[in-house]
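For reference, the structure discussed in these notes is given below.
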């Protein structure tokens with residue numbers, strides 16, 4: 001709901017800080033007592049910074065727009081990232097976005113199959129993105145556990161020895177970050193079940209849904 005509301009605020013000249021404050025205000029409006037972390041709102045090249053702080057940068061045509069935010073409910077955290085394009089989508093955006101979405105689908109497919117080894121799940125997405133863009137463009141872990149803290153065990157990393165326990169909630173968030181242009185990250189929350197997962201993030205992410 002808050003994501004839909006903030007997307008409707010995407011107009012020429014609006015600033016990252018204005019939208020970040022709007023996100024905070026809307027959560028308060030809905031009775032949320034605390035956010036999981038400060039909202040990330042990033043335009044253009046700012047979205048290549050993994051943990052970008054909202055600035056006075058103003059939205060221009062043909063830019064990446066990244067939102068990464070979450071709230072707490074009964075002391076448990078949520079987390080989600082969606083990346084949009086403001087304007088007529090370029091071939092570059094379509095290529096990068098499509099690759100990140102495919103990488104996430106590869107990881108989710110393994111999770112759905114019942115895979116519990118964190119390293120295998122991470123590598124399924126990482127190998128694909130490294131082949132497309134090089135190792136320097138996706139350097140963070142594929143995801144992490146989330147609960148009463150925003151970052152918890154276990155972790156999706158290529159050298160991880162973690163085994164996902166049934167009942168844990170994980171982020172699955174591949175990304176590609178191109179300095180001077182921007183970044184694309186797509187993040188869902190999934191509940192690990194004995195056989196497969198349940199995706200808790202019911203927000204569209206096909207290319208047609210992210211072009212504004």
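Residue numbers (full-length UniProt numbering): 1 to 212.
Where a beta carbon is used, it is the ideal one built from N, C-alpha and C, also for glycine.
Here the structure is a predicted model, which means the values were calculated and not measured.
Proximity winner among the options, relative to residue i (alpha-carbon distances)
i, options, result
"residue 171", "140, 134, 61", "140"
"residue 144", "154, 81, 179", "154"
"residue 205", "187, 194, 191, 197", "187"
"residue 152", "29, 77, 64", "77"
"residue 53", "114, 39, 74, 197", "39"
"residue 166", "180, 137, 194", "194"
"residue 90", "61, 159, 189", "61"
"residue 220", "63, 75, 119", "There is no way to answer for residue 220, as the model of the chain reaches only from 1 to 212."
"residue 86", "119, 134, 9", "9"
"residue 228", "123, 136, 178", "Any question about residue 228 goes unanswered here, given that the chain covers just 1 to 212."
"residue 50", "137, 114, 31, 113", "137"
"residue 74", "28, 96, 32", "32"
Simplified DSSP state of residue i, which is helix, strand or coil
i, result
"residue 42", "strand"
"residue 10", "coil"
"residue 97", "helix"
"residue 172", "strand"
"residue 102", "helix"
"residue 162", "coil"
"residue 68", "strand"
"residue 186", "coil"
"residue 150", "coil"
"residue 52", "coil"
"residue 208", "helix"
"residue 22", "helix"
"residue 78", "coil"
"residue 127", "helix"
"residue 15", "strand"
"residue 62", "coil"
Cβ-Cβ distance between residue i and residue j below 7 Å
i, j, result
"residue 150", "residue 37", "yes"
"residue 84", "residue 207", "no"
"residue 43", "residue 65", "yes"
"residue 182", "residue 15", "no"
"residue 184", "residue 190", "no"
"residue 116", "residue 163", "yes"
"residue 21", "residue 2", "no"
"residue 56", "residue 180", "no"
"residue 58", "residue 98", "no"
Cutoff 6 Å; reference residue i; Cβ partners in own chain excluding five residues on either side
i, result
"residue 125", "103, 106, 107, 142, 174"
"residue 240", "Nothing about residue 240 can be reported from this structure: the residues present for the chain run from 1 to 212 only."
Integer-rounded CB distance, given that residue j should sit under 8 Å from residue i
i, j, result
"residue 69", "residue 35", "7 Å"
"residue 147", "residue 169", "7 Å"
"residue 192", "residue 80", "About 17 Å; that fails the 8 Å criterion."
"residue 110", "residue 121", "5 Å"
"residue 6", "residue 17", "Incorrect: roughly 13 Å between the Cβ atoms, too far for contact."
Other residues of its chain near residue i: CB distance less than 7 Å, five sequence neighbours each side excluded
i, result
"residue 101", "186, 205"
Neighbourhood of residue i by C-beta, 8 Å cutoff - its chain only, sequence neighbours within 5 removed
i, result
"residue 198", "190, 191"
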